[in-house]
Amino acid sequence: MIRTFQKRDTDGVQQLWRRVFPDDPPWNAPEAVIRIKSRIQPELFFVYVENDALLGTVIAGFDGVRGWIHKLAVTPEAQRTGIAAALMQEAESALLALGCPKVNLQVRATNEQVIEFYRQAGYHIEERISMGKRLQ
């Protein structure tokens, strides 16, 4: 079942992200991401729960121009069962309901399996340069 994140999901989300994103940089620490997303558009933070086990997450955001997808994660044991696709559909539907015309996401260039997942979901590689600047 997909639903919005609730405070009681915190430990499960932290464990999932540490497992699925072991190389995330310090600024993507689960505690910080959860704290901030719980304040900013918390209705766009979704979890997939089955039999009281948290199996997946996705975070969406909309700045009024473009939507973004972050932290799509599924426990390794439950991957390739349709959970990621269902979470993406939920996030896309929520963004569409807000009037979002386009969704962006970033994937590490070396993560070929994830790139293929997004291609099958209708996403395309765009010729852009991704730039970033740490503010903290």
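Counting from 5, one number per residue, gives the positions in the sequence shown under the numbering used here. Don't be surprised by glycine CBs; every beta carbon is placed ideally from N, CA and C.
Next item on the list: Identify whether I44 lies in helix, strand or coil by the three-state DSSP scheme.
Entry: coil
Notebook entry, point to check: Counting only beta-carbon atoms, is P34 nearer than 9 Å to chain D?
Noted result: The chain inventory of the structure shown lacks chain D, comprising one protein chain alone.
Checklist line | Run of the alpha helix (DSSP H) containing I119, from where it starts to where it stops | finding: E116 to Q124
Note to self: Helix, strand or coil for R7? Go by DSSP, reduced to three states.
What the structure shows: strand
Next item on the list: Have a look at R23, I40 and V24 and flag the residue whose alpha-carbon is nearest the alpha-carbon of W31.
Entry: I40
Checklist line | CA nearest to the CA of K106, picked from D15, G86 and I73 | finding: I73
Check: E131 lies in the beta strand (DSSP E); which residues open and close that run?
Finding: Element bounds for E131: n/a, residue is neither H nor E.
Next item on the list: Please check the pair P46 and T8, which I expect to be a contact at CB under 8 Å, by giving their CB distance rounded to whole angstroms.
Entry: 7 Å
Next item on the list: Helix, strand or coil for L139, going by three-state DSSP, please let me know.
Entry: coil
Next item on the list: Note the first and the last residue of the continuous beta strand (DSSP E) segment covering T61.
Entry: A57 to F66
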